[in-house]
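The block underneath contains the structure these notes are about, expressed in structure tokens.
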Amino acid sequence: MNQAAPAPRENQGDPVVRIDARLKVTGQAGYPADIVTANVAYGALATSSIARGKVSGLHTKDARAVPGVLDIVTYDDMDKTDTPKFGNTGASSIGPLHDKTVFHDGQIIALVVAETFEAAEEAAMLIRADYEDERPAASFDSKGVKMEPAAGK
Numbered sequence: 003m004n005q006a007a008p009a010p011r012e013n014q015g016d017p018v019v020r021i022d023a024r025l026k027v028t029g030q031a032g033y034p035a036d037i038v039t040a041n042v043a044y045g046a047l048a049t050s051s052i053a054r055g056k057v058s059g060l061h062t063k064d065a066r067a068v069p070g071v072l073d074i075v076t077y078d079d080m081d082k083t084d085t086p087k088f089g090n091t092g093a094s095s096i097g098p099l100h101d102k103t104v105f106h107d108g109q110i111i112a113l114v115v116a117e118t119f120e121a122a123e124e125a126a127m128l129i130r131a132d133y134e135d136e137r138p139a140a141s142f143d144s145k146g147v148k149m150e151p152a153a154g155k
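Just so we're aligned: 105 in my numbering is position 103 of the sequence shown, and the numbers increase by one with no gaps anywhere.
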């Protein structure tokens with residue numbers, strides 16, 4: 003392709019030559035995912051199907067039977083870790099797998115560790131949970147919403 007780049011418009015910067023462009027479009031560029039690494043384990047997340055409540059039971063037998071699954075980590079495995087406090091460096095005060103409480107739809111309820119990405123994903127899809135479902139809150143004014151004071155207040 004020898005077509006010249008169009009002249010920049012007033013809302014555009016100057017064209018920049020991409021030194022890796024030819025390698026990318028010809029399939030010769032290397033990507034981090036192409037690097038073969040020994041002893042890699044893959045993870046996949048099982049997430050809640052409710053928006054608020056508690057996990058009353060996790061069924062992992064079928065997931066553990068998937069060939070290549072190394073382990074399944076749940077809240078039972080995390081009971082000796084500290085619950086995050088306000089002001090931590092995380093983006094949320096809800097620590098993954100810290101207890102059975104579900105605060106939002108899609109919250110992490112288990113982590114599958116496997117020898118392959120495919121095994122981890124398959125096993126995560128096989129994990130089933132029982133819930134004590136509660137009515138979700140859609141706003142700060144919703145019934146049952148618990149407000150926490152801001153740090154230092």
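Just so it is clear, CB atoms sit at the ideal spot from N, CA and C, and this is done for glycine as well.
Within 10 angstroms of the beta-carbon of I21 lie fewer than 16 other beta-carbons, which makes it exposed. Within the model, the alpha-carbon separation for I37 versus F105 is close to 38 angstroms. For E134, the enclosing beta strand (DSSP E) starts and ends at R130 to D135. A direct Cα-Cα distance of roughly 13 angstroms separates P17 from Q5. Contact check for D135 and I52: beta-carbon distance about 5 angstroms, within the 8 angstroms limit, so the pair qualifies.
Taking V147 as the centre and dropping the five residues before and after it, the same chain places the C-beta of A139 closer than 7 angstroms to its C-beta, in chain order. Classified as exposed, V42 has fewer than 16 neighbouring CB atoms from the shown chains inside 10 Å of its CB.
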